[in-house]
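Undergrad: Have a look at this one before I ask anything.
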Amino acid sequence: MFSFANAQKGTVLVQGNMNYSSQKRDKDWGESKTNNFGFSPKVGYQFSDNWTVGVEGTFSNSKFESNSSNYETTQLATGAFIRYSHKLSDFFSIYSDLGVGFQSAKRLQDNNNISVVDEKADGFYTSITPSVLMNIGKGFGLNFNFGGVRFDSYNNPNVGGYNRNFNFNLGSTFSVGISKNF
312 MFSFANAQKG
322 TVLVQGNMNY
332 SSQKRDKDWG
342 ESKTNNFGFS
352 PKVGYQFSDN
362 WTVGVEGTFS
372 NSKFESNSSN
382 YETTQLATGA
392 FIRYSHKLSD
402 FFSIYSDLGV
412 GFQSAKRLQD
422 NNNISVVDEK
432 ADGFYTSITP
442 SVLMNIGKGF
452 GLNFNFGGVR
462 FDSYNNPNVG
472 GYNRNFNFNL
482 GSTFSVGISK
492 NF
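Quick note on this note's numbering: the sequence shown kicks off at 312 and runs consecutively.
This is the structure in structure tokens:
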């Protein structure tokens, strides 16, 4: 995850996260391959020493290929966030983002050219993400995130209903980013 941020009062915050993963499995019954890519930008305005408000978005794409089926899932999300930050010392600050927005997903599945399933869903999300910033000098900082809380809701008319997911992963995930104050 990479983050580039401007976190001074009266300035603009620009931040972006990227991820990529690839996995290939060889089994007795066949091979499978999964590729995942995601990008999540944020742009906000820091209107005080502690508060930032802005917009956020996410694009992700996942492709799975095997002997029996192939599918591709694309997700888009756009929303708003508010961030509260608190300086602990010259070297450390803590902050938390509250994000709320709309999201959509599309999945195209091909079962060995026998049947093609095209599913679409849309809904909303909300998330709380606590983080720690370590000042490393000359306006640069390292951001540490230890998970958070997220709720997703999708309406999928193709399968006749809602899909709701509550994810509490505080302490079970970890990411590192870099930020810059301009």
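Virtual Cβ for every residue (Gly too), placed ideally from N, Cα, C.
Measure the beta-carbon distance from D433 to Y465 and round it to whole angstroms, keeping in mind my assumption that it falls under 8 Å.
TA: Yes, they are in contact, since the Cβ atoms of D433 and Y465 sit about 7 Å apart, within 8 Å.
Undergrad: Looking at the secondary structure, which residues open and close the beta strand (DSSP E) in which S333 lies?
TA: 322-338 is the extent of the beta strand (DSSP E) around S333.
Undergrad: Should Q386 and T369 be called a contact, given that it needs their Cβ atoms to be closer than 8 Å?
TA: Cβ distance < 8 Å, so Q386 and T369 count as in contact.
Undergrad: Going by DSSP in three states, D401 sits in which element: helix, strand or coil?
TA: Three-state DSSP puts D401 in coil, outside helix and strand.
Undergrad: Sorted by chain position, which residues of the same chain lie with C-beta nearer than 7 Å to S483's C-beta, five sequence neighbours on each side aside?
TA: Cβ neighbours of S483 beyond the five flanking positions: G458.
Undergrad: Would you decide whether S442 is buried or exposed? Buried here means 16 or more other CB atoms lie within 10 Å of its CB.
TA: Burial call: buried.
Undergrad: Identify every residue that forms a DSSP beta bridge with T440.
TA: Beta-bridge pairing links T440 to D408.
Undergrad: Once DSSP output is grouped into helix, strand and coil, what is the label at N480?
TA: Coil, per DSSP.
Undergrad: Would you say S444 and F485 are within 8 Å of each other, going by their C-beta atoms?
TA: Sequence check: residue 444 is Leu here, not Ser. Contact: no.
Undergrad: Could you tell me the distance, in whole angstroms, from the CA atom of D408 to the CA atom of K344?
TA: Straight-line Cα distance between these residues: approximately 34 Å.
Undergrad: Cutting at 6 Å between CB atoms, please list the residues of its own chain near P352, excluding the five before and the five after it.
TA: If we look at P352 and ignore the five residues flanking it on each side, its Cβ neighbours are G327, G368.
Undergrad: So is R394 buried or exposed if we call it buried at 16+ other beta carbons inside 10 Å?
TA: So R394 ends up on the buried side.
Undergrad: Could you spell out where the beta strand (DSSP E) holding S373 opens and where it closes?
TA: Here the beta strand (DSSP E) through S373 covers 362-377.
Undergrad: Along the chain, where does the beta strand (DSSP E) containing R464 start, and where does it finish?
TA: It should be noted that the sequence gives Ser, not Arg, for residue 464. Here the beta strand (DSSP E) through S464 covers 460-467.
Undergrad: From what residue to what residue does the beta strand (DSSP E) around K344 run?
TA: Where K344 is concerned, the enclosing beta strand (DSSP E) stretches over 341-357.
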